[in-house]
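The sequence shown begins at 39 in my numbering and counts up one residue at a time.
Virtual Cβ for every residue (Gly too), placed ideally from N, Cα, C.
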Amino acid sequence: MHDALLTISDMLSARVAGAGAGLVSVHPGSRAQRTATLWRPGVLVTSEQGLPPEAAVPIILAGGMRARAQLAGRDPGTNVAVLRFDLDGPVAPEAGEPQVGALALMLGAATDGSPTARLAMVHRVGPAWESAGGGRIDQLISLDARLSGRDEGGPILDAAGGLLGMSTLGPRRRVLVIPAVTVNRVLAPLLADGQVTRGWLGLGLQPVSIPALWQPAAGLDSGLMVISLTPDGPAEEAGVLPGDILMEVDGAAAPNTRAVARALNGNSV
């Protein structure tokens, strides 16, 4: 038993050592520190939330050297930000396949750039979902673990060393993984345009209940009341008025704001 535990320990240590040179500590001014991962040569990926708008982002490399990376793009919808920096280190490994109950290695970078590690268990694996910011996340992956804010943005590896994705803190500090496939999907538009294009209506919306008398015709028991309009925005130009109730977007039911965000994601623009 002792030998088996020692073997597991040595394997985990080797995983951390192998990935450490590809981890970077991000220091966005007065905001909380984050971790960035060398995703591909010259491209760092980190958590978008908490990053300042400045183009030059201070970073500390694994050896302690200070530098500045250039912000190439950011997408609040998927919580992915991309930095450009010529770093000599191991790039993110091939994607792994999450399994409920499997072990996961959460990597990060300490204040001085040295690697940190936490051992977690995959708590849940589910279907694709939409974030509150309108981004499509290709798979729900949650971990049974705690995550330090400074480790957010670091890579999550499976036991075989495959990349599950990037760590992020969700609602109520739940630890979620932005899957590698999602990060890879938004990388191209972020590097090319600095953003992921999504539709925009120019509306302020408030969930409301639809009166029972109207529900059979509407096919819904809730909708979204228009409480504000952006001047000269798409909705105002289309004749939408305050007090109108939105029930569909492009033929799809819109009982809540997430349904609207889903209809306006980058795939529909």
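Element boundaries [alpha helix (DSSP H), containing residue i]
i, result
"L310", "Shown here, the chain extends from 39 to 307; a query on residue 310 therefore has no answer."
"G300", "For the sequence presented, residue 300 should be read as Arg rather than Gly. Segment T295 to A301, the alpha helix (DSSP H) holding R300."
"A273", "P272 to E275"
Closest by C-alpha distance to residue i, when choosing among the options
i, options, result
"L302", "S169, P280 and I194", "S169"
"L109", "S85, W252 and L258", "S85"
"V234", "E190, G115 and F123", "G115"
"V64", "R174, A52 and G151", "G151"
"D259", "I265, A250, S266 and L267", "A250"
"G88", "A70, R78 and A105", "A70"
"G242", "V298, R236, I265 and G199", "I265"
"Q177", "L214, E286, E132 and A42", "L214"
"V221", "D126, A52, L44 and V120", "V120"
"P280", "S180, E286, P269 and A148", "P269"
"A107", "D113, G80 and E132", "G80"
"V298", "R236, V54 and L82", "R236"
"D189", "S51, A148 and R212", "A148"
"I46", "R211, P245, D288 and A142", "A142"
"S247", "A226, M285 and V278", "M285"
"M103", "V83, D126 and A93", "D126"
"I216", "V95, G192 and V54", "G192"
"T206", "S180, P227 and G261", "S180"
"V54", "L82, G199 and V278", "G199"
"V224", "R300, A273 and D113", "D113"
For residue j and residue i, the rounded distance between their alpha carbons
i, j, result
"L185", "G111", "25 Å"
"P254", "M159", "45 Å"
"A276", "D231", "28 Å"
"L267", "L239", "9 Å"
"V118", "D196", "20 Å"
"D282", "A290", "17 Å"
"A157", "P91", "First, the residue type needs correcting, since residue 157 is Leu and not Ala in the sequence shown. C-alpha separation (whole angstroms): 33 Å."
"P131", "P293", "40 Å"
"L145", "D41", "25 Å"
"T154", "Q244", "43 Å"
"A133", "R78", "13 Å"
"P136", "G171", "24 Å"
"D48", "D288", "54 Å"
Near the ligand SAH: residue i beta-carbon under 6 Å from a heavy atom
i, result
"P114", "Annotation note on the ligand SAH: not contained in the displayed structure, which lists no ligands."
Whole-Å CB distance - residue i paired with residue j, under 8 Å assumed
i, j, result
"A100", "G58", "5 Å"
"R162", "V138", "6 Å"
"I194", "G208", "Actually they do not touch by this definition, with Cβ atoms about 14 Å apart."
"R174", "A183", "Not a contact, Cβ separation roughly 25 Å."
"T75", "G60", "6 Å"
"A218", "L201", "5 Å"
Start and end residues, beta strand (DSSP E) containing residue i
i, result
"R156", "P153 to G164"
"A147", "L141 to A147"
"Q108", "R104 to D113"
"V234", "Premise fails: V234 is in no beta strand (DSSP E) and is neither H nor E."
"W77", "R72 to R78"
"V138", "Unbroken run through V138: none, as it is neither H nor E."
"V278", "Note, V278: premise wrong, no beta strand (DSSP E); not H, not E."
"A94", "A94 to I98"
"L61", "L61 to V64"
According to DSSP, residues forming a beta bridge with residue i
i, result
"E168", "R174"
"L201", "A133 and L195"
"S247", "S260"
"R122", "V81 and Q108"
"S266", "G242"
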